[in-house]
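Novice: Structure provided below as structure tokens; questions to follow.
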Amino acid sequence: MVRNQKQVQRSNSVVVSEAGSSGIQSLVERRLAEKQMMFKRKKNSRKIVAPVSKKIHKEGITRRRYRPGVVSLREIRFYQKSTKLLLRKAPFARLVREVAQNMCLRGFVLWQASALEALQEAAETFLVELFENSNLVAINAKRVTVMPRDMQTVRRIRGLRDHVCQTRCKRMLSTKIERSDRRVVITGMGLVCPLGVGVYNCWNKLLSGESGITTITGDSYGDIPCKIAAFVPREQFDVEARFSKNENRTLSMATLFALTAAEETLKSANWFPETEEQRKETGVAIGCGMCDVADVVTNGIALREKGYRKVSPHFVTRMLINMPAGNVSIKYGLKGPNHSVSTACTTGLHAIGDGYNFIKRGAANVMLCGGSEATINPLSIAAFCRIRALCCDFNDKPKEASRPFDEQRCGFVMGEGCGLLLLEEREHAISRNATIYAEVLGYGLSGDAFHITAPQEDGSGAQQCMKAAIEDAGISLNSITHINCHATSTPLGDLAEISAVKSLFGEHYKNIYITSCKGQIGHLLGAAGSVEALFTVLSCYHSKIPPTANLIKCFDNTLKVSDKQMSWEEADRNIALKNSFGFGGTNASVIISNHV
Numbered sequence: 097m098v099r100n101q102k103q104v105q106r107s108n109s110v111v112v113s114e115a116g117s118s119g120i121q122s123l124v125e126r127r128l129a130e131k132q133m134m135f136k137r138k139k140n141s142r143k144i145v146a147p148v149s150k151k152i153h154k155e156g157i158t159r160r161r162y163r164p165g166v167v168s169l170r171e172i173r174f175y176q177k178s179t180k181l182l183l184r185k186a187p188f189a190r191l192v193r194e195v196a197q198n199m200c201l202r203g204f205v206l207w208q209a210s211a212l213e214a215l216q217e218a219a220e221t222f223l224v225e226l227f228e229n230s231n232l233v234a235i236n237a238k239r240v241t242v243m244p245r246d247m248q249t250v251r252r253i254r255g256l257r258d259h260v261c262q263t264r265c266k267r268m269l270s271t272k273i274e275r276s277d278r279r280v281v282i283t284g285m286g287l288v289c290p291l292g293v294g295v296y297n298c299w300n301k302l303l304s305g306e307s308g309i310t311t312i313t314g315d316s317y318g319d320i321p322c323k324i325a326a327f328v329p330r331e332q333f334d335v336e337a338r339f340s341k342n343e344n345r346t347l348s349m350a351t352l353f354a355l356t357a358a359e360e361t362l363k364s365a366n367w368f369p370e371t372e373e374q375r376k377e378t379g380v381a382i383g384c385g386m387c388d389v390a391d392v393v394t395n396g397i398a399l400r401e402k403g404y405r406k407v408s409p410h411f412v413t414r415m416l417i418n419m420p421a422g423n424v425s426i427k428y429g430l431k432g433p434n435h436s437v438s439t440a441c442t443t444g445l446h447a448i449g450d451g452y453n454f455i456k457r458g459a460a461n462v463m464l465c466g467g468s469e470a471t472i473n474p475l476s477i478a479a480f481c482r483i484r485a486l487c488c489d490f491n492d493k494p495k496e497a498s499r500p501f502d503e504q505r506c507g508f509v510m511g512e513g514c515g516l517l518l519l520e521e522r523e524h525a526i527s528r529n530a531t532i533y534a535e536v537l538g539y540g541l542s543g544d545a546f547h548i549t550a551p552q553e554d555g556s557g558a559q560q561c562m563k564a565a566i567e568d569a570g571i572s573l574n575s576i577t578h579i580n581c582h583a584t585s586t587p588l589g590d591l592a593e594i595s596a597v598k599s600l601f602g603e604h605y606k607n608i609y610i611t612s613c614k615g616q617i618g619h620l621l622g623a624a625g626s627v628e629a630l631f632t633v634l635s636c637y638h639s640k641i642p643p644t645a646n647l648i649k650c651f652d653n654t655l656k657v658s659d660k661q662m663s664w665e666e667a668d669r670n671i672a673l674k675n676s677f678g679f680g681g682t683n684a685s686v687i688i689s690n691h692v
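Each residue of the sequence shown is one higher than the one before, starting from 97 at the first, in my numbering.
Next comes the structure, spelled out in structure tokens:
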């Protein structure tokens, strides 16, 4: 049978040799039509196909002596001794898409539309190489059988396939993806935080050193040792004036914060999508570190004491983490990626990084990103006190309680709020004459794999994260001249972060402006990363470094850190690094610069 097969190949095969990338579709279709007509004229056309068993169609391989290695499109792989490939008979465009899909599967990555689009060109190259160097052997209603001319061709095609799988597929969903030419800029900002409502209202207070930390009042806090927190000032955020009774009843405070910040963000960017195309290219990525546990307590007590009918019908939609993203999407008709993140204190920065990746990969042109948090209540305060995370030594001096990098730091102060950024593809922003405040250059993330609440003392997880962001940005370590640290005012956390900075940057760390905003606004948990990223954007835009409040005596006097506002004048380009780290050992870093 091998001899007969070779005779058939020499006498009856049609060689597709003049195919090029531009004419491959018409050429393949023409050759297939010619081959099909030729087979119809032959009464014994079936005999030219190598004998196969039923297992071929089930497993893609025959057990007989002649092993053509027939492979279905579901697998797209060559066996060691194979010289034959089965392709489904389909229009060329669909064939390319199916090859792309199976290249994804071959590379062991989750199939996504964005992954397919990224592989279209590679799949077309694969098919062109295959058809240019193969003979058509058989055809029927559903399949086309082609045979590469020699083992050298097989090896070349196999190498092309493996290169695609190893270099493109496996990185499709990782942080070390192939960098595209799409640049991501920031064109809008919105802010609700303990310093007030509105971006520049809060920015000016931050630069002047004002604090949003106050004393907690109320009998419900009882014997809880921490009596301080950083609330959003209710005189600036009057929920009854801003929202209807129905909204106040059905929406959580975190969602109300997000809706307020979203309105300011879209106004500052002058972006209110009107057409269906604009809505589909605009997405939302807003997360929360945790739900408002006060809702859980209230409804739990109602169920226990008064029964099922006293549980609020809005309980589920108030506590779900993705409700801020969902409600913002619904209000403004944003039909692009609708994404929510919940990674403890890293939530806000992860949301920005994910939005950056969505745009970078072409899944959206505009993303509204950030974090929102509103969980200051007796149970949350008590719970964080129980793990000794909160500051309890400055109850009589609340504005001095949060003191990043200071030798007397003893824990963080819980805060609340929401910070949102509008990320946009650069050419899209330029085409509509948008104001560009900054550019996102890179994004990195990592895991400590060490302890559920404590960081590694040497900060190796944080170092890995920062390094990944810098590599993604394609810049040198010496390009970074400002770091807005996560620094929460805890003894271990601040020390570990600075250890990571020193380890990564070497002696260059002495040239880097260091700051932490938490001395004035406290720790906003899931919103911390996005609020502080917003302040980092303003630092890049205005060349000003906010002070680090309550810094009386720094634990490391070699750091370039100050309790006063600093001017950022030495660098040719303002490039900053923003860090966020969270319980569970989750880390994120984003590289932000002024737009040039």
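We put the CB at the ideal spot given by N, CA and C, even for glycine.
Computed from a predicted structure; not experimentally measured.
(1) Specify, as a first and last residue, the run of the beta strand (DSSP E) that lysine 674 falls within.
(2) Whose C-beta lies closer than 7 angstroms to the C-beta of leucine 355 among residues of the same chain, with five residues either side of it excluded?
(3) Just to confirm my understanding: we take glutamine 332, look at its own chain, exclude 5 residues before and 5 after, and list those with CB closer than 7 angstroms. What are they?
(4) Leaving aside the five residues before and after asparagine 580 along the sequence, list all residues of the same chain whose C-beta is less than 8 angstroms from its C-beta, in chain order.
(5) Would you identify the three-state DSSP class for alanine 381, choosing helix, strand or coil?
(6) Which complete beta strand (DSSP E) runs does the region 458-505 hold, if anything under 3 residues is left out?
(7) Comparing alpha-carbon positions, which option in Pro329, Thr443, Ala358, Val328 lies nearest leucine 516?
(8) Which class does lysine 660 belong to by DSSP, given the choice of helix, strand or coil?
(9) Just to check my reading of the structure: threonine 443 and glycine 625 have Cβ atoms closer than 8 angstroms, yes? What is that Cβ distance to the nearest angstrom?
(10) Any idea if alanine 146 is buried or exposed, counting beta-carbon neighbours within 10 angstroms, 16 or more meaning buried?
(11) Taking the continuous beta strand (DSSP E) assigned at alanine 534, which residues delimit it?
(12) Taking a contact to mean a Cβ-Cβ separation below 7 angstroms, would you say glycine 555 touches glutamate 503 in this structure?
(13) Near leucine 430, which residues of its chain fall below 8 angstroms by C-beta distance, leaving aside the five closest residues on each side in sequence?
(14) In whole angstroms, what separates the C-alpha of threonine 346 from that of histidine 435?
(15) If you check the beta carbons only, do valine 509 and glycine 618 fall under 7 angstroms apart?
(16) Got a sec, what are the start and stop residues for the alpha helix (DSSP H) alanine 337 sits in?
(17) Give every residue of the same chain whose Cβ lies closer than 6 angstroms to the Cβ of threonine 310, excluding the five residues on either side of it in the sequence, and list them in chain order.
(18) For histidine 578 versus tyrosine 605, is the C-beta distance shorter than 7 angstroms?
(19) Looking only at its chain, what residues have a beta carbon closer than 6 angstroms to the beta carbon of alanine 596, apart from the 5 residues adjacent to it on each side?
(20) Just to confirm the assignment, what range does the alpha helix (DSSP H) spanning threonine 394 have?
(21) Roughly how many angstroms separate the alpha carbons of cysteine 481 and cysteine 387, rounded to a whole number?
(22) May I have the straight-line CA-CA distance separating leucine 573 from isoleucine 417, to the nearest angstrom?
(23) Quick one: what does DSSP say leucine 516 is sitting in, helix, strand or coil?
(24) If valine 328 sits next to valine 295, beta carbons under 8 angstroms apart, how far is it from one beta carbon to the other, in whole angstroms?
(25) Quick check on histidine 547: buried or exposed, where buried means 16 or more other Cβ atoms within 10 Å of its Cβ?
(26) Could you pull out every residue in the same chain whose Cβ sits closer than 8 angstroms to the Cβ of valine 536, ignoring the five residues on either side in sequence?
(27) Can you tell me whether proline 433 is buried or exposed? The criterion is at least 16 other CB atoms within 10 Å of its CB, across all chains shown.
Specialist: In brief:
(1) Sequence index remark: in the sequence shown, residue 674 carries index 578 (1-based). 671-678 is the span of the beta strand (DSSP E), which, as asked, contains lysine 674.
(2) The residue given as residue 355 occupies position 259 in the sequence shown. Answer for leucine 355: Asn423, Val424, Lys427, listed in chain order.
(3) Here residue 332 is taken as the residue at index 236 of the sequence shown, counted from 1. Correct list, in chain order: Gly292, Val293.
(4) Start at 1 with the first residue of the sequence shown, and residue 580 comes out as number 484. Cβ neighbours of asparagine 580 beyond the five flanking positions: Thr611, Ser612, Cys613, Glu628, Ala629, Phe631, Thr632, Ser635, Ala672, Leu673, Lys674, Asn675.
(5) Locating residue 381 in the sequence shown gives position 285, where the first residue counts as 1. Strand.
(6) 462-469
(7) What you label residue 516 is simply residue 420 of the sequence shown in a count that begins at 1. Answer by Cα proximity: Ala358.
(8) On the sequence shown, position 564 is the one that residue 660 refers to. Residue state, collapsed to three classes: coil.
(9) As a position in the sequence shown, residue 443 is number 347, starting the count at 1. As a position in the sequence shown, residue 625 is number 529, starting the count at 1. Contact flag correct, Cβ pair sits at about 7 angstroms.
(10) Taking the first residue of the sequence shown as 1, we reach residue 146 at position 50. The pLDDT assigned to alanine 146 is 33, lower than 50, so where the model puts this residue is not dependable; a value taken from the coordinates is nonetheless given after this. Under this definition alanine 146 is a buried residue.
(11) What you label residue 534 is simply residue 438 of the sequence shown in a count that begins at 1. Its beta strand (DSSP E) spans residues 534-543.
(12) Against the sequence shown, residue 555 aligns to sequence position 459. Against the sequence shown, residue 503 aligns to sequence position 407. No, these two residues do not count as a Cβ contact at 7 angstroms.
(13) Within the sequence shown, numbered from 1, the residue matching residue 430 stands at position 334. Closer than 8 angstroms at the Cβ level, and outside the excluded window around leucine 430, lie Pro369, Arg375, Thr378, Gly379, Val380, Val424, Leu464.
(14) In the sequence shown, residue 346 corresponds to position 250, counting from 1. In the sequence shown, residue 435 corresponds to position 339, counting from 1. Using only the alpha carbons, I get a separation of about 21 angstroms.
(15) Locating residue 509 in the sequence shown gives position 413, where the first residue counts as 1. Locating residue 618 in the sequence shown gives position 522, where the first residue counts as 1. Yes.
(16) Translated into positions along the sequence shown, residue 337 becomes position 241. Element bounds for alanine 337: 335-338.
(17) Residue mapping note: residue 310 aligns to position 214 of the sequence shown, counting from 1. Hits under 6 angstroms: Pro494.
(18) Reading the sequence shown from its first residue, position 482 is the one you call residue 578. Reading the sequence shown from its first residue, position 509 is the one you call residue 605. Not closer than 7 angstroms, so no.
(19) Taking the first residue of the sequence shown as 1, we reach residue 596 at position 500. So the list reads Gly555, Ala558, Gln559, once near-sequence residues are dropped.
(20) For this step, residue 394 is matched to residue 298 along the sequence shown. Start and end: 389-402.
(21) For the purposes of this step, residue 481 is taken as residue 385 along the sequence shown, with counting starting at 1. For the purposes of this step, residue 387 is taken as residue 291 along the sequence shown, with counting starting at 1. Rounded to the nearest angstrom, the two C-alpha atoms are 18 angstroms apart.
(22) Sequence index remark: in the sequence shown, residue 573 carries index 477 (1-based). Sequence index remark: in the sequence shown, residue 417 carries index 321 (1-based). Answer to the nearest angstrom: the Cα atoms are 36 angstroms apart.
(23) By 1-based counting over the sequence shown, the position of residue 516 is 420. In the structure shown, leucine 516 sits in a strand (DSSP, three-state: E or B).
(24) Taking the sequence shown and counting its residues from 1, one reaches residue 328 at position 232. Taking the sequence shown and counting its residues from 1, one reaches residue 295 at position 199. Between valine 295 and valine 328 the Cβ distance is about 14 angstroms, and since that is not below 8 angstroms, they are no contact.
(25) On the sequence shown, residue 547 is found 451 positions in, with the first residue counted as 1. Exposed, since its Cβ has fewer than 16 Cβ neighbours within 10 Å.
(26) Translated into positions along the sequence shown, residue 536 becomes position 440. Same-chain partners within the cutoff: Val280, Val281, Ile282, Ile448, Tyr452, Leu519, Val686, Ile687, Ile688.
(27) To locate residue 433, count along the sequence shown from 1; it is residue 337. It is buried - the Cβ of proline 433 has at least 16 other Cβ atoms within 10 Å.
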